Amino acid sequence: MHVRKGDKVRVLSGAEKGKEGKILKVFARKNRAIVEGLNLIKRHTKPSSRNQQGGIIEKEAAMHLSNLHVVCPGCGEASGVKRIRDDAGRLQRHCKACNETISTG
Ligand SMILES: [Zn+2]
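Okay, so the sequence shown: first residue is 78 according to this note's numbering, each after it adds one.
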C-alpha cells in the first residue's frame with residue numbers, strides 16, 4: 078500500500094487528472110481509495126425518514142490506487158514514494174524527488 082488514510086494525493090490520469098485531495102478511506106483488497114471531493118458520482122436516493130424528499134446526492138466513488146500519487150509535504154511534488162526500512166525495522170516512506178520522510182510506521 079503506497080497510500081494511507083489522511084494522505085494528500087494527486088490524481089495521475091482520468092477525468093480528475095491533476096486534482097488533489099485527501100484520502101478518506103483505503104480499500105486494500107480492491108486497490109482502491111476514496112479521495113475527498115474527487116470522483117463524485119450522483120446517487121439517486123429514495124425518500125426515507127432521515128431525508129423525506131429523497132433526490133440526488135453527490136458522493137465520492139473509490140478510485141484505483143494506481144491513479145493516485147502521494148503529494149510530498151516537503152517539496153509538493155507527486156513523484157511517488159520509496160519505502161526504506163529503518164534501523165528498527167520499520168518501513169518508512171520517502172519522497173522520490175526530495176527524499177523527505179512522508180511517514181513512518
Ligand atoms: Zn518531496
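Note that CB positions come from ideal geometry on N, CA and C, so glycine has one too. Computed from a prediction, not measured in an experiment: that's the story for all the values here.
Check	Outcome
CB contact below 7 Å: V148 versus chain B	Protein chain content of the structure displayed is limited to a single chain, and chain B is not contained in it.
Within 6 Å of ligand 1: residues by beta-carbon to any heavy atom	C149, G151, C152, E154, C172, A174, C175, E177
H79 - containing beta strand (DSSP E), residue span	From DSSP, H79 is part of no beta strand (DSSP E); its letter is neither H nor E.
The region 127-140 contacting the region 161-171, beta-carbon criterion three pairs below 8 Å	no
Expected contact under 8 Å - CB spacing of K173 and G157 to nearest Å	5 Å
Contacting residues, own chain, Cβ-Cβ under 6 Å from H79 (five flanking each side not counted)	V158
Straight-line Cα distance separating G166 from I100	26 Å
Beta-carbon separation (whole angstroms), G114 vs K123, contact threshold 8 Å	Not a contact, Cβ separation roughly 25 Å.
Identified DSSP bridge partners for V148	For V148, which the question treats as bridged, DSSP gives no partner whatsoever.
Cβ shell of V86 (< 7 Å), same chain only, five flanking positions each side left out	V80, E97, G98, I100, V112, L145, H146, V147, V148
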